[in-house]
Amino acid sequence: MVSTHPLGVQHVGGQYLPQNRSTNANLSPNQEMLPLTAKVNGNDCLEIGGCDVTTLVQQFGSPLYILDETTLRLACQQYRDAFQKYYPGASQVLYASKAWNCLAICAIAASEGLGIDVASGGELYTALQAGVSPEKIYLHNNNKSRAELILAIESGCTIVVDNWYELKTLVEIVEEREKSHPTRIMLRLTPGIECHTHEYIRTGQLDSKFGFDPNQLEELFTFISKQSALNCVGLHAHIGSQIFERQPHRDLAVVMVQWFKQATQHGLQLTELNVGGGLGIRYVESDDPPSITEWVKAICEVIQETCASENLPLPKLLAEPGRSLIATACVTAYTIGSSKVIPGIRTYVAVDGGMSDNPRPITYQSVYRSVVANRISAPITQTVTIAGKHCESGDILIKNAQLPEIKPGDILVVMGTGAYNYSMASNYNRLARPAAVVVGNGEANLILRRETYEDLIQQDCLPERLKV
Numbered sequence: 008m009v010s011t012h013p014l015g016v017q018h019v020g021g022q023y024l025p026q027n028r029s030t031n032a033n034l035s036p037n038q039e040m041l042p043l044t045a046k047v048n049g050n051d052c053l054e055i056g057g058c059d060v061t062t063l064v065q066q067f068g069s070p071l072y073i074l075d076e077t078t079l080r081l082a083c084q085q086y087r088d089a090f091q092k093y094y095p096g097a098s099q100v101l102y103a104s105k106a107w108n109c110l111a112i113c114a115i116a117a118s119e120g121l122g123i124d125v126a127s128g129g130e131l132y133t134a135l136q137a138g139v140s141p142e143k144i145y146l147h148n149n150n151k152s153r154a155e156l157i158l159a160i161e162s163g164c165t166i167v168v169d170n171w172y173e174l175k176t177l178v179e180i181v182e183e184r185e186k187s188h189p190t191r192i193m194l195r196l197t198p199g200i201e202c203h204t205h206e207y208i209r210t211g212q213l214d215s216k217f218g219f220d221p222n223q224l225e226e227l228f229t230f231i232s233k234q235s236a237l238n239c240v241g242l243h244a245h246i247g248s249q250i251f252e253r254q255p256h257r258d259l260a261v262v263m264v265q266w267f268k269q270a271t272q273h274g275l276q277l278t279e280l281n282v283g284g285g286l287g288i289r290y291v292e293s294d295d296p297p298s299i300t301e302w303v304k305a306i307c308e309v310i311q312e313t314c315a316s317e318n319l320p321l322p323k324l325l326a327e328p329g330r331s332l333i334a335t336a337c338v339t340a341y342t343i344g345s346s347k348v349i350p351g352i353r354t355y356v357a358v359d360g361g362m363s364d365n366p367r368p369i370t371y372q373s374v375y376r377s378v379v380a381n382r383i384s385a386p387i388t389q390t391v392t393i394a395g396k397h398c399e400s401g402d403i404l405i406k407n408a409q410l411p412e413i414k415p416g417d418i419l420v421v422m423g424t425g426a427y428n429y430s431m432a433s434n435y436n437r438l439a440r441p442a443a444v445v446v447g448n449g450e451a452n453l454i455l456r457r458e459t460y461e462d463l464i465q466q467d468c469l470p471e472r473l474k475v
């Protein structure tokens, strides 16, 4: 029997053949299920970035996020190089850091020439501390606080204004502070474009909490044109996440160029157009997203065509991918513990993590694939449900996982966990959040320390009268 294996090799008679795919720069990371450096080593164990996953668990514990630097850098390079190849005007790729914001990841993205898209004061502060130039940081959010706006103004980053309340608040703050130069802003608009993805991660439809209503453009552009304290440099829109279709992004580009022209008719000297991100990744075998290069090429072509038809000069083109940069560069390693067999129904296998380190299955009904890292070539013999250890019946990581016979102590690796796993992690049931390492060339370095019980109570306050 021959079946496909996540490493991109064939499973023949129970044996997996190692294959190092990181040497092939033509591979698009978002179309792979494992990091590009993943292979089977001589001990029949999964190896990523030259590091044996079982050894990493012995050294750093589990659950453990394992980030492959090669895969992340190649994704950054493919986005950057594709824009330079297919777009004759200026361009800037921004990493949508809400996917996973920490010092090391911001630093890697910046070192590849990317800017950083942030969605809060905390993400902004992290990017700045990572050494990212404020000129390459763009702040989003539909309800920015005054403190966040002030931090953005003082740091010199670009503020993507989302609504009238924020716009008027920003004008007040800027005028109060009497800045010597106008504050750079962009305007986020709701394009009214729907795409086939989970309703919680659609952002482009008219019924969305994000962005100005396009029916208010006349009023909006007129107001902006009178604000000398603000320098409106461009427009922004985003239609959602985990998208495989190319047509919605082409439709978005057409709509945005038309808005761009409308703004110039109000005297606004716009120079930038941000088409958002949203390119999907391959979580399971049936997923078939476009490659990074294909997605960029389609966007660049339609922007050029539409600008030519509207007799407009090419704006600086921005995009803000997140998931397609980071998701498949990371896996999560767990240690298998208890199991429960319910005859004729299902077998539960529990791991030492769950919804606190990956809330996407319980939140979005997201699906993942897994392998047993310490016995890669073991034949698939059973279908099990991978359960987390939290006190919730819904704490299920993977339903109907196809795995070999497993036992306590085995290392289970769940693929594609770089996006919205650590960034949405919690301390539910007072579990400490996992550690994360970046691997490359056989070396592993901590980028996030594992929390301790002491960390869990660090912010707790116990009034004197309640002490026993």
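Quick note on this note's numbering: the sequence shown kicks off at 8 and runs consecutively.
Note that beta-carbon positions come from the ideal geometry of N, C-alpha and C, so glycine has one too.
Run the CB neighbour count on residue 165, radius 10 Å, all protein chains shown included, and call it buried at 16 or more, exposed below.
By 1-based counting over the sequence shown, the position of residue 165 is 158. It counts as buried.
Quick one, are the C-beta atoms of residue 417 and residue 365 less than 8 Å apart?
Residue numbering aside, residue 417 sits at position 410 when the sequence shown is read from its first letter. Residue numbering aside, residue 365 sits at position 358 when the sequence shown is read from its first letter. Going by beta carbons, residue 417 and residue 365 fall outside the 8 Å limit.
Compute the distance between the beta-carbons of residue 110 and residue 133, then report whether it is under 8 Å.
Here residue 110 is taken as the residue at index 103 of the sequence shown, counted from 1. Here residue 133 is taken as the residue at index 126 of the sequence shown, counted from 1. In contact: residue 110 and residue 133 (Cβ atoms closer than 8 Å).
Based on Cα-Cα distance, which residue from 354, 373, 97 lies nearest to residue 310?
Position 303 of the sequence shown, counted from the start, is the residue given in the question as residue 310. Of the candidates 354, 373, 97, the one whose C-alpha sits nearest the C-alpha of residue 310 is 97.
Tell me the residue span of the alpha helix (DSSP H) that contains residue 263.
Position 256 of the sequence shown, counting from 1, holds the residue named residue 263. From DSSP, the alpha helix (DSSP H) with residue 263 extends over 254-271.
Assuming residue 123 contacts residue 114 under a Cβ cut-off of 8 Å, what Cβ separation, rounded to an integer in Å, is found between them?
Taking the first residue of the sequence shown as 1, we reach residue 123 at position 116. Taking the first residue of the sequence shown as 1, we reach residue 114 at position 107. Rounded, the Cβ-Cβ distance is 10 Å, inconsistent with contact.
Alpha carbon to alpha carbon, what distance is there between residue 441 and residue 462?
Walking along the sequence shown from the start, residue 462 turns up at place 455. Walking along the sequence shown from the start, residue 441 turns up at place 434. The straight-line gap from Cα to Cα measures roughly 12 Å.
Note down, in chain order, each residue of its chain lying with its Cβ closer than 6 Å to the Cβ of residue 345, except the 5 sequence neighbours on either side.
Working through the sequence shown from its first residue, we reach residue 345 at position 338. Closer than 6 Å at Cβ, skipping near neighbours: 357.
On the three-state DSSP scale, how would you describe residue 472?
Looking up residue 472 in the sequence shown gives position 465. Under the three-state reduction of DSSP output, residue 472 falls in the helix class.
Need the endpoints of the beta strand (DSSP E) that residue 54 sits in, please.
In the sequence shown, residue 54 corresponds to position 47, counting from 1. Per DSSP, residue 54 belongs to the beta strand (DSSP E) from 53-55.
Going by C-alpha distance, which of 141, 161, 155, 125 is nearest residue 147?
Locating residue 147 in the sequence shown gives position 140, where the first residue counts as 1. Comparing Cα-Cα distances from residue 147 to each of 141, 161, 155, 125, the minimum goes to 125.
Indicate whether residue 227 and residue 268 have their beta-carbon atoms separated by less than 8 Å.
On the sequence shown, position 220 is the one that residue 227 refers to. On the sequence shown, position 261 is the one that residue 268 refers to. No. Outside cutoff.
Using only CA atoms, which one of 412, 457, 92, 425 lies nearest to residue 386?
In the sequence shown, the residue the question calls residue 386 occupies position 379. Ranking the options by Cα distance to residue 386, first place goes to 412.
Just the Cα atoms here: how many angstroms apart are residue 475 and residue 468?
The sequence position of residue 475 within the sequence shown is 468, counting from 1. The sequence position of residue 468 within the sequence shown is 461, counting from 1. Distance between the alpha carbons of residue 475 and residue 468 is about 14 Å.
Assign residue 295 to one of two classes, buried (16 or more other C-beta atoms within 10 Å of its C-beta) or exposed (fewer than that).
Taking the sequence shown and counting its residues from 1, one reaches residue 295 at position 288. Per the 10 Å Cβ criterion, exposed.
Sort out for me which residues DSSP pairs residue 279 with in a bridge.
Counting from 1 along the sequence shown, the entry for residue 279 is found at position 272. According to DSSP, which records beta bridges pairwise, residue 279 is partnered with 241, 323.
On a Cα-Cα basis, can you pick out the residue from 60, 81, 56, 65 that is closest to residue 75?
Taking the sequence shown and counting its residues from 1, the one referred to as residue 75 is at position 68. Closest option to residue 75, Cα to Cα, is 56.
Taking its Cβ as the centre, do 16 or more other Cβ atoms sit within 10 Å of residue 306, making it buried, or is it exposed?
Position 299 of the sequence shown holds residue 306. Classification of residue 306: buried, given that the 10 Å Cβ count is 16 or more.
Take the Cβ of residue 389 as the centre, count every other Cβ of all protein chains shown within 10 Å, and call the residue buried at 16 or more, exposed below.
For the purposes of this step, residue 389 is taken as residue 382 along the sequence shown, with counting starting at 1. Classification for residue 389: exposed.
Name the residue from 171, 162, 456 whose alpha carbon lies nearest to the alpha carbon of residue 186.
Indexing the sequence shown from 1 puts residue 186 at position 179. Checked all of 171, 162, 456; the closest Cα to residue 186 is 162.
Who are the near neighbours of residue 236 in its chain, counting only those whose CB is closer than 8 Å to its CB and skipping five residues on each side?
Position 229 of the sequence shown, counting from 1, holds the residue named residue 236. Closer than 8 Å at the Cβ level, and outside the excluded window around residue 236, lie 178, 181, 182, 186, 189, 190.
Taking all protein chains shown into account, do 16 or more other C-beta atoms lie within 10 angstroms of the C-beta of residue 138, making it buried, or fewer, making it exposed?
Looking up residue 138 in the sequence shown gives position 131. The residue is exposed, with fewer than 16 neighbouring Cβ atoms inside 10 Å.
In this structure, how does DSSP classify residue 137 when only helix, strand and coil are distinguished?
As a first step, residue 137 is located in the sequence shown; it is residue number 130 there, counting from the start. Coil, per DSSP.
Between residue 67 and the rest of its own chain, which residues show a CB-CB distance below 8 Å, the 5 nearest in sequence each way excluded?
Looking up residue 67 in the sequence shown gives position 60. Excluding sequence neighbours, residue 67 sits near 442, 444, 451, 453, 457.
May I have the straight-line CA-CA distance separating residue 484 from residue 415, to the nearest angstrom?
The first residue shown for the chain is 8 and the last is 475, placing residue 484 beyond what the model contains.
Decide if the segment 44-55 is in contact with the segment 282-295; the criterion is three or more beta carbon pairs, one per stretch, under 8 Å apart.
Cβ pair count under 8 Å is below three, so no.
Can you tell me the Cβ-Cβ gap for residue 427 and residue 106, rounded? I've got them flagged as a contact below 8 Å.
Translated into the one-based positions of the sequence shown, residue 427 becomes position 420. Translated into the one-based positions of the sequence shown, residue 106 becomes position 99. About 6 Å separates the two Cβ atoms, so the contact holds.
Check whether the Cβ atoms of residue 4 and residue 333 sit closer than 8 Å, and answer yes or no.
Beyond the ends of the chain as shown, which are 8 and 475, falls residue 4; an answer cannot be given.
Do you know offhand how far residue 396's Cα is from residue 62's?
The residue you call residue 396 lines up with position 389 of the sequence shown. The residue you call residue 62 lines up with position 55 of the sequence shown. Computed Cα separation, rounded: 23 Å.
Confirm, please, whether the CB-CB distance from residue 291 to residue 263 is below 8 Å.
Stepping through the sequence shown from its first residue, residue 263 is reached at position 256. Stepping through the sequence shown from its first residue, residue 291 is reached at position 284. No. Outside cutoff.
For the alpha helix (DSSP H) holding residue 182, just list the boundary residues, first then last.
In the sequence shown, residue 182 corresponds to position 175, counting from 1. Per DSSP, residue 182 belongs to the alpha helix (DSSP H) from 171-184.
State buried or exposed for residue 73, treating a residue as buried only when at least 16 other CB atoms are found within 10 Å of its CB.
Position 66 of the sequence shown, counted from the first residue, corresponds to residue 73. It counts as buried.
If you drop the 5 nearest sequence neighbours on each side, which residues of the same chain put their C-beta closer than 6 Å to that of residue 510?
The requested residue 510 is not part of the displayed model; the chain covers only 8 to 475.
Among residues of its own chain, excluding the 5 on either side of residue 243, which ones have a beta-carbon nearer than 6 Å to its beta-carbon?
Residue numbering aside, residue 243 sits at position 236 when the sequence shown is read from its first letter. These residues qualify, in order along the chain: 167, 193, 195, 281.
Looking at the unbroken beta strand (DSSP E) that takes in residue 439, where does it start and where does it end?
In the sequence shown, counting from the first residue as 1, residue 439 sits at position 432. Unbroken run through residue 439: none, as it is neither H nor E.
Pick out whichever of 35, 39, 52 has its Cα sitting closest to the Cα of residue 384.
In the sequence shown, the residue the question calls residue 384 occupies position 377. When only C-alpha atoms are compared, the closest one is 52.
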